[in-house]
Amino acid sequence: ITNFVLKHNDLIFVLSKEHQEMLKKRGFESYYITNGVDITFNFTKEQCRRELNLGDGKHIVYVGRLDKTKGVIYAVKAVEGLNVTLHIIGEESGGRYGATEEIREYITNHNMKNVIFHSVLERPSTFSYIKAADIFLHPLLEAWGMGNAVLEAMHLGTPVIGTNIGYFKELIGNNERGILIEKANHLALRDAINKLLIDKKLTSKLAENAYKYVKENHDWNKIAEEFEKTVNKNMKNQK
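Residues are numbered in my numbering as their position in the sequence shown, beginning at 1, plus a constant of 302.
Shown next, in the form of structure tokens:
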């Protein structure tokens, strides 16, 4: 199906350079135009914490689907025994519950009290949790598209931890704009969490670098302009 779709389209756009290279090896030309963010959010971390009644504790947040490929179970395992609260915002796609039940069963069996499920929230509330958090986690196992949650966290100045796969490698860059770990490794994830909680200088540097990078490279207006320019150019060539 993928080959059929690729062969019968005039233009192919990809969200990461890794995907572009994969298609090139299969003989397909593509254009690299990534996702962007469009956020108007002017509240400080302290304001968000007061609004959400989070107090002075350490808080970590995950935002996204709870499908098995998102690796949320590894986030839960990583915070087991740590003096932090993990906030999980989202639900499984397609009305499924299998991965969610696996996560809840692990929490119950290990008597964990530091994981809170919030289901799906409105964007302002989601941004409040991201801004209020000390760390944003995204322990992805498979990277096919590009979710905006990590981009939004980087734009909001919350330090991110992701897995060393797909678009994360160019978006986060290990110890450049966040921390990358090997996928399906909750111990490595735990080490990264502790590193960010302890090293405030590193945390500030990563957050600042991430904000600047997203602002310069993932602005929707610039991306839309580039997309339109590419489409118009190819339409002229076809004529």
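Cβ coordinates follow ideal geometry from the N, Cα and C atoms, glycine included.
Bear in mind that the values here come from a model prediction, so they are computed numbers and not experimental data.
C-alpha gap between residue i and residue j, whole angstroms
i	j	result
E527	A380	41 Å
G459	G480	11 Å
L499	I405	24 Å
T428	K502	24 Å
D493	V378	14 Å
H389	G400	19 Å
K535	N477	38 Å
G468	K497	23 Å
K325	L317	A small correction: the amino acid at residue 325 is Leu; Lys does not occupy that position in the sequence shown. Whole-angstrom Cα-Cα distance: 12 Å.
L491	E484	8 Å
P426	K517	19 Å
K588	E454	What the structure shows of the chain is the stretch from 303 to 541, and residue 588 is not part of that stretch, so it cannot be assessed.
E407	T371	18 Å
T346	Y513	14 Å
I495	R352	23 Å
I525	D340	11 Å
T410	N416	11 Å
L508	E320	23 Å
Q540	A451	37 Å
V384	M414	One point to set straight first is that residue 384 is Leu, not Val, in the sequence displayed. Near 10 Å, if we compare the C-alpha coordinates of M414 and L384.
F529	W522	10 Å
Residue i and residue j closer than 9 Å at C-beta
i	j	result
A435	V363	yes
I375	S421	no
H520	T342	no
K544	L482	The structure shown has nothing for residue 544, since the chain only spans 303 to 541.
T387	G366	no
M448	I474	no
H412	E393	no
G373	A486	yes
Y334	Q349	no
Sequence-distant residues of the same chain with beta carbon closer than 7 Å to residue i, five excluded per side
i	result
F330	L308, I314
V533	L313
Y431	L354, V363, H389, I391
L356	A434
Own chain residues within Cβ distance below 8 Å of residue i, not counting five before or after
i	result
S395	R367, D369
E510	G459
Contacts around residue i, its chain only, beta-carbon distance under 6 Å, and the 5 residues preceding and following it disregarded
i	result
Y515	R479
T402	L368, E394
T505	P461, L498
I418	H389
L423	I391
Handout entry: Cβ contact check for the segment 435 to 445 and the segment 458 to 472: 3 or more pairs under 8 Å
Key = yes
Handout entry: beta strand (DSSP E) segments (min. 3 residues) lying fully within the segment 440 to 498
Key = 462 to 465, 481 to 483
Exercise for the section: Only counting runs of 4 or more residues, tell me where the alpha helix (DSSP H) segments fall wholly within the segment 380 to 426, in order along the chain. Expected result: 400 to 411
Handout entry: Sequence ranges, alpha helix (DSSP H) only - wholly within the segment 313 to 378, length at least 4
Key = Within the segment 313 to 378, the complete alpha helix (DSSP H) segments of 4 residues or longer fall at 319 to 327, 347 to 354, listed in chain order.
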